[in-house]
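Report on the structure given below.
Protein chains in written order, with my numbering: chain A, 742 to 902; chain B, 197 to 317.
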């Protein structure tokens, strides 16, 4: 299961919509071992393509070093599909090089529908996982603010395929 | 001559889990051969059968991508730091891009699969 903050999902979807019809890509870093994505880093798609994405190699080096310095790791690696479903393509599976990451896919094929799915891709094997979107909670807010509000969590179950 | 080599998660099975290993060599090609003598199989994940660096592996010497330094012929000096990162790439179909890098077996397989699907229509 991927648990991720609503504000990060909103930023990822906004990035994907902004770059549509090209594919958008990026990382959400988090503390090593935490499995918690906390820092959204939109990356340039060096391929500038509607059907392909690739991080710029120098931008990737800078980010991977920065994560190393901050004791972070790429908890989420995301990209968009702009005309097809949010499911890993054969190309995605072939090139997936971070066995510890959640591969988040966003489809922007429908302008008004948010289509988000998450996968583990390890040794060529794809496993879909549920996505739990957690509403941002102000850590300084008085706890009682939570009562009587709409549910703070949205669960996306796996599609049955 | 000691050169520090940073190994990505996906290749640490070849280094007994080590994140950083040391090696030696006058060029990147020599260094990879040296590493392979202690970490068997590592070189084959980075270099194709044709003897070129894999398209979807990024190798850096200090702050430079080795593609701009002569790839496997890139010169190394004592104290250099080499970083290996798997390229982050993919996409909905990627056939145009895959065709451009058809030496990559996985991409070639994807193209073949696509052609078969088209032919079957």
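Glycine included, every Cβ here is placed at the ideal spot set by N, Cα and C.
Cβ-based burial, residue i [other Cβ within 10 Å; buried from 16]
i	result
residue 851(A)	exposed
residue 264(B)	exposed
residue 815(A)	buried
residue 839(A)	buried
residue 225(B)	buried
residue 866(A)	exposed
residue 769(A)	buried
residue 275(B)	exposed
residue 774(A)	exposed
residue 245(B)	exposed
residue 813(A)	buried
residue 789(A)	exposed
residue 234(B)	exposed
Spatial neighbours of residue i in its chain, beta-carbon cut-off 6 Å, leaving aside the 5 residues before and after
i	result
residue 858(A)	827 and 846
residue 750(A)	874
residue 236(B)	none
residue 861(A)	868
residue 817(A)	769, 778, 843 and 845
residue 286(B)	none
residue 281(B)	204 and 254
7 Å CB neighbourhood of residue i in its chain, flanking five on each side removed
i	result
residue 747(A)	874, 875, 876 and 877
residue 232(B)	238 and 239
residue 754(A)	847 and 855
residue 752(A)	781
residue 820(A)	764, 765, 766, 794 and 846
residue 849(A)	757, 758, 761, 821 and 823
Cβ-based neighbour list, residue i, same chain, cut-off 8 Å, excluding 5 preceding and 5 following
i	result
residue 899(A)	858, 869, 870 and 871
residue 215(B)	202, 203 and 208
residue 882(A)	Confidence in residue 882(A) is poor, its pLDDT being 45 and thus under 50, which makes the residue's placement too unreliable to answer from.
residue 261(B)	254 and 255
Amino acids of chain D, ordered along the chain, whose beta-carbon sits closer than 8 Å to that of residue i
i	result
residue 776(A)	Of the protein chains in the structure, A and B, none is chain D.
Query raised in the report: Using a beta-carbon distance cut-off of less than 7 Å, what residues from the segment 794-817 of chain A approach chain B?
Result: 794, 795, 796, 798, 799, 801, 802 and 805
Report task. Check whether the segment 826-833 of chain A touches the segment 232-241 of chain B, taking contact to mean three or more Cβ pairs, one atom from each stretch, closer than 8 Å. Result -> no
Query - Start-end ranges of the beta strand (DSSP E) lying completely within the segment 800-832 of chain A, minimum 3 residues - result: 813-822
Query raised in the report: Are the segment 828-837 of chain A and the segment 760-769 of chain A touching, with three or more C-beta to C-beta distances below 8 Å?
Result: With a cut-off of 8 Å, the segment 760-769 of chain A and the segment 828-837 of chain A do not count as touching, because too few Cβ pairs lie within range.
Query - Meets three-Cβ-pair contact criterion under 8 Å: the segment 776-792 of chain A and the segment 205-215 of chain B - result: no
Query raised in the report: In chain order, which beta strand (DSSP E) runs of at least 3 residues are fully inside the segment 246-270 of chain B?
Result: 253-257
Query raised in the report: Just by C-beta distance, which residues in the segment 244-263 of chain B are closer than 9 Å to chain A?
Result: 252, 253, 254, 256, 259, 260, 261 and 263
Query raised in the report: Hey, is the segment 252-271 of chain B in contact with the segment 792-802 of chain A, meaning 3+ C-beta pairs nearer than 8 Å?
Result: These segments touch.
Requested in this report: Mind checking the segment 200-214 of chain B against chain A and listing, in chain order, the residues whose C-beta falls within less than 8 Å of any C-beta there?
Outcome: Those would be 204, 205 and 206, in chain order.
Query - Contact residues within the segment 751-768 of chain A, judged by C-beta distance below 9 Å to chain B - result: 764, 766 and 768
**Report entry** Under 8 Å (Cβ pairs) to chain B, residues found in the segment 842-864 of chain A
**Finding:** none
Query raised in the report: Can you list the beta strand (DSSP E) stretches of 3 or more residues lying completely in the segment 758-782 of chain A, in chain order?
Result: 766-772
Requested in this report: With 8 Å as the C-beta to C-beta threshold (strictly closer), list the residues of the segment 270-290 of chain B near chain A in chain order.
Outcome: Answer set for the segment 270-290 of chain B: 279, 281, 282, 283, 284, 285, 286, 287, 288, 289 and 290.
**Report entry** Members of the segment 819-831 of chain A that neighbour chain B once the beta carbon cut-off is set at 8 Å
**Finding:** 820, 822, 823, 824, 825, 829, 830 and 831
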